[in-house]
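J.:
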Amino acid sequence: MLDVTSAEALLPSYLRDVYSWAYLTPWLAGWLDRQVVVQTILWGNAQRLIGDVLDEIEPGDRVFQAAAVYGDFSRQVAAKIGRRGQLEVRDIAPLQVSLTRRKLSDLPQAHVARGDAADPQEESADVVVCFFLLHEVPDAVKLQVTRAMLELVAPGGRAVFVDYHRPHRFHPLKPLMRRIFAWLEPFATSMWRHEIKDLAGPRGGGFRWRKRTRFGSMYQVVVAERI
Ligand SMILES: C[S@@+](CC[C@H](N)C(=O)[O-])C[C@H]1O[C@@H](n2cnc3c(N)ncnc32)[C@H](O)[C@@H]1O
């Protein structure tokens with residue numbers, strides 16, 4: 148069995164080089180893993196965006212969550228599906244797997260394990276959720292993740308992608324977001340140039356796509372329903 152150190156050596160370079168502080172540093176991860184922090188980072192929009200995800204989920208659904216999310220996102224999803232549902236959470240970083248496992252330990256419908264969203268090797272699900280993962284991965288991985296998520300959608304099911312989007316031209320926070328991305332999130336501005344539907348390539352053809360934007364278009368919620 149891999150210990151945490153050797154498992155972390157196998158992590159993708161984008162995670163080690165760019166996001167080590169946020170996801171691989173235990174004391175900071177423990178501090179960031181609070182709903183108030185997520186709400187602040189998303190300019191007060193976290194709950195509204197989580198609500199958009201919950202609207203796509205029914206009690207009893209099998210939900211696949213591609214990567215861990217700080218705060219109580221997964222607890223809210225688990226509450227929505229209830230004890231008859233099933234929530235499978237994956238994350239590529241062992242530290243995030245253990246933090247998430249601890250957060251969900253009293254919820255038997257939730258199961259957390261290590262996994263790569265670009266190559267998930269999982270059972271299909273009624274709802275596949277990808278919450279603010281795409282902007283944190285390089286463009287080539289964005290394509291792999293988007294396509295892999297669609298592959299996992301069961302007949303009649305859907306994939307829900309929530310992520311950054313190009314803000315309106317005169318959005319007062321646009322210049323600041325551009326600076327934050329240049330400083331901390333080098334793969335994020337590409338979300339301003341590409342539609343998630345286009346990342347799916349030909350695989351997107353078997354889906355009905357819907358998109359809504361939030362907060363002056365800074366965020367997007369894209370739903371792909373398997374036809
Ligand atoms: C969902 S994203 C961003 C979420 C958002 N910033 C938050 O937590 O509020 C963060 C997670 O993605 C994970 N991650 C990055 N690349 C991944 C991959 N290829 N497969 C699965 N998880 C991945 C990171 O380890 C991290 O825990």
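In this note's numbering, each number is its position in the sequence shown, counted from 1, plus 147. The beta-carbon is built from N, C-alpha and C at its ideal position, and this holds for glycine as well.
1) Excluding the 5 residues flanking I197 on each side, which residues of the same chain have their C-beta closer than 7 angstroms to its C-beta?
2) By DSSP, does A347 sit in helix, in strand, or in coil?
3) Using the DSSP secondary-structure output, state which residues sit across from Q212 in a beta bridge.
4) What three-state label does DSSP hand D310 in the structure shown?
5) In chain order, what residues place their C-beta within less than 7 angstroms of a heavy atom belonging to ligand 1?
6) Is it right to say P255 is buried, meaning 16 or more other beta carbons lie within 10 angstroms of its own, or is it exposed?
7) Of the choices R359, A169, L299, whose alpha-carbon is the least far from that of G351?
8) With DSSP collapsed to three states, give me the class of T293.
9) What first and last residue would you give for the alpha helix (DSSP H) that runs through D336?
10) Could you give the residue range of the beta strand (DSSP E) that holds Q243?
11) On the CB-based measure, 16 or more other CB atoms within 10 Å of its CB, does P349 come out buried or exposed?
12) Around the Cβ of F211, are there at least 16 other Cβ atoms within 10 angstroms (buried) or fewer (exposed)?
13) Would L376 and Y170 be called neighbours here (beta carbons separated by less than 8 angstroms)?
T.: Well, looking at it:
1) Here the question's residue 197 lines up with position 50 in the sequence shown. Result list for I197: F220, Q223, in chain order.
2) Position 200 of the sequence shown, counting from 1, holds the residue named residue 347. In this structure, A347 counts as coil in the three-state DSSP scheme.
3) On the sequence shown, position 65 is the one that residue 212 refers to. The partner list for Q212 (beta bridge, DSSP) reads V236, V276.
4) Here residue 310 is taken as the residue at index 163 of the sequence shown, counted from 1. Taken through DSSP and simplified to helix, strand or coil, D310 comes out as strand.
5) Working through the chain, the matches are P159, L162, Y166, Y170, V185, I188, A213, A214, A215, V216, Y217, G218, R237, D238, I239, A240, Q243, G262, D263, A264, A265, F278, F279, L280, E283, V284, V288, V292.
6) The sequence position of residue 255 within the sequence shown is 108, counting from 1. Label assigned to P255: exposed.
7) On the sequence shown, residue 351 is found 204 positions in, with the first residue counted as 1. Nearest C-alpha to G351: L299.
8) Counted from its first residue, the sequence shown places residue 293 at position 146. Collapsing the DSSP output to three states places T293 in a helix.
9) Against the sequence shown, residue 336 aligns to sequence position 189. Note that residue 336 is Thr in the sequence shown here, rather than Asp. Boundaries for T336: no alpha helix (DSSP H) harbours it, and the DSSP string shows neither H nor E there.
10) If you number the sequence shown from 1, residue 243 lands on position 96. Residue range 241-250 is occupied by the alpha helix (DSSP H) that includes Q243, with no beta strand (DSSP E) assigned at that position.
11) Taking the first residue of the sequence shown as 1, we reach residue 349 at position 202. Exposed.
12) If you number the sequence shown from 1, residue 211 lands on position 64. F211 counts as buried, since no fewer than 16 other beta carbons sit within 10 angstroms of its beta carbon.
13) Here the chain covers residues 148 to 374 and nothing more, so residue 376 does not appear.
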